[in-house]
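Here's the structure, in structure tokens; my notes come after.
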Amino acid sequence: MVEAPSKITEKATDLLRVSSKSNPNSVAGAIASVLRIKGFVEIQAVGAGAINQAVKAIAIARGFVAPVGMDLACVPTFSQIEINGEERTAIRFLVEPR
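Have a look at this one:
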């Protein structure tokens with residue numbers, strides 16, 4: 003599987019990882035903070051519950067940054083990752099202003 007090129011390097015601190023137990027409001031705050039600092043953010047989620055929380059967080063973050071005139075665009079891609087020695091498919095969301 004071919005992966006879309008990433009704007010962020012593969013360091014643990016450069017990627018927001020969302021789980022099904024993540025609080026969407028907290029993730030939205032992190033998204034807004036990274037957007038203000040770097041201008042873009044990449045989010046990774048594995049599984050339906052995690053993807054649901056990530057999408058909710060992106061929608062909430064959009065409301066957080068709207069007052070400063072920032073409108074967000076989101077590009078989803080597939081990514082192959084390894085978890086506990088097992089290969090899994092993750093969804094990555096590149097979120098940036100449009």
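Using the working numbering, read the sequence shown as starting at 3 and increasing by one per residue.
Cβ coordinates follow ideal geometry from the N, Cα and C atoms, glycine included.
Please read these numbers as outputs of a predicted model, since none were measured by experiment.
Cβ-based burial, ILE83 [other Cβ within 10 Å; buried from 16]:
exposed
In the structure shown, what three-state DSSP assignment does ASP73 receive?
coil
Rounded to whole angstroms, how far is the Cβ of ARG94 from the Cβ of SER81, which I believe are closer than 8 angstroms?
5 angstroms
Terminal residues of the beta strand (DSSP E) in which ALA92 lies:
88-99
For CYS76 and ASP16, I'd like the C-alpha separation in whole angstroms.
17 angstroms
Alpha-carbon to alpha-carbon, ALA50 and ASN102:
Nothing can be reported for residue 102: it is not among the residues displayed for the chain, which extend from 3 to 100.
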